[in-house]
Structure formats: structure tokens, C-alpha cells
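Notes to accompany the following structure.
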Amino acid sequence: MRKVARGSSLKPRIRPAKKEDMPAILGLEKICFKEETFHKKRIEYLLLKAKSLFLVASVEGDIVGSIIILLRKHISNARIYSLNVHPSCRRIGIGSSLMEHSEKLLTKMGYRNFTLEAGVNNIAAQNLYTSKGFSVDRKIKKYYKNGDDALRFIKKL
Ligand SMILES: CC(C)(COP(=O)(O)OP(=O)(O)OC[C@H]1O[C@@H](n2cnc3c(N)ncnc32)[C@H](O)[C@@H]1OP(=O)(O)O)[C@@H](O)C(=O)NCCC(=O)NCCS
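Be aware that the sequence shown starts at 18, since it is given in the working numbering, and climbs by one per residue.
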């Protein structure tokens, strides 16, 4: 995929993920996450069976980003399970658009808290969440498979 320059005015289209998007979503997962990649069965479950909000961002018809938010019955907390943007399309606001779109939908649905975990070394993600009004709630020791700690972020909706 051609790299999109920072400052580009390309606007992503954000829409709910469909079954036909599976190959593109899996490809994106592999590119964006190394050790923590979700496998086909997991993505299939999250897309087709789980109570979730699963959105994709597309640019010129190509899927370049996705967000998966886990929802639970009778619980007012919505938790981001995965967020990624193709390396060629970073820093042009796609991650922000996915977050903003999700937040609007969750607010309409009546959710009160929006939460997520980010690696202590994942500065890009931490800056994105802080810029969207999230704050650090606590540190979770050895959260990731590789033993890295995570920060739990929260935003009141
Ligand atoms: C984190 C990620 C989703 C950000 O997506 P993105 O589309 O590039 O984000 P945006 O363009 O909307 O950036 C919004 C803000 O986030 C911060 N940010 C994003 N990337 C950054 C980076 N590489 N370094 C520092 N800050 C960064 C900046 O504050 C940025 O605003 P600015 O560009 O005006 O300075 C993307 O880097 C990614 O997919 N990373 C790999 C997967 C991952 O770590 N997901 C999160 C798991 S918790």
C-alpha cells in the first residue's frame, strides 16, 4: 500500500465490519501486531458472535484500520479490545476517527465508561488516548504475553 503523507486530507470512511472484510482485517492484524495477533477463529467470534462494536476504516475502498470494542449485557463499561491502523496510513487521523465514531455510538447506546489498556512503551497509542480525553486509571503488571506492563485508561462518557 502506498504511504499516505502526514497532513494528507484523505478522509477515511468508517462503517461496521462485515463478514466479507475478514481477510483484510486478518491481514491488518498481522501487520500491526506481532506477538499479540488475533487468529482467524478469534476475529470470527468477535465479528459474528460476541457482543461487540466492530468498525473498519477504509480509504479508496481498502480497509486500513479497525477497532473492536467489547460490550457486556447490563454493564455500562465498553472496553476497546483492539485498535489498529495500517502503517502506511498512520498520523493522518484514522485512529482518531475510529475512536470518535465509536464514542458517539457508545454514548447513543447509553454506555457510561470507555476503557482500554495500552503497553507502557506504546507512546503512539498513549498519546492518541490522552488526546481523546482518556486518563490513566492504573498500571497492570505483566499484562502482555511478553511480560510487558500495561496502563489502563478510562474516559467517562
Ligand atoms: C496507535 C495507532 C492506532 C494510532 O493510529 P493513527 O491513525 O496513526 O493515529 P492518529 O493519526 O489519529 O493520531 C492522533 C494522535 O495520536 C498521537 N500519535 C499517533 N501516532 C503517534 C506516534 N507515532 N508518536 C507519537 N504520537 C502519536 C498524536 O498525538 C496524534 O496527533 P498528531 O498527529 O496531531 O500529533 C497506530 O499507531 C497503530 O495502529 N499502532 C499499532 C497498533 C497499536 O499499538 N494499537 C493500539 C493498541 S493499545
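Note that CB positions come from ideal geometry on N, CA and C, so glycine has one too.
{"Query": "Whole-angstrom distance between I42 and F50, CA atom to CA atom", "Result": "12 Å"}
{"Query": "S114: first and last residue of the uninterrupted alpha helix (DSSP H) it sits in", "Result": "I111 to M126"}
{"Query": "Three-way DSSP call (helix, strand, coil) for E37 in this model", "Result": "helix"}
{"Query": "Beta-carbon separation (whole angstroms), L174 vs E120, contact threshold 8 Å", "Result": "7 Å"}
{"Query": "Option in G112, L123, G164 and N163 with minimal Cα separation from V76", "Result": "G112"}
{"Query": "Endpoints, the alpha helix (DSSP H) within which I60 is located", "Result": "K57 to L65"}
{"Query": "Endpoints, alpha helix (DSSP H) assigned at I148", "Result": "A small correction: the amino acid at residue 148 is Ser; Ile does not occupy that position in the sequence shown. Start and end: I140 to S148."}
{"Query": "Proximity test, L100 beta-carbon vs ligand 1 heavy atom, cut-off 7 Å", "Result": "yes"}
{"Query": "Simplified DSSP assignment, three categories, for L43", "Result": "helix"}
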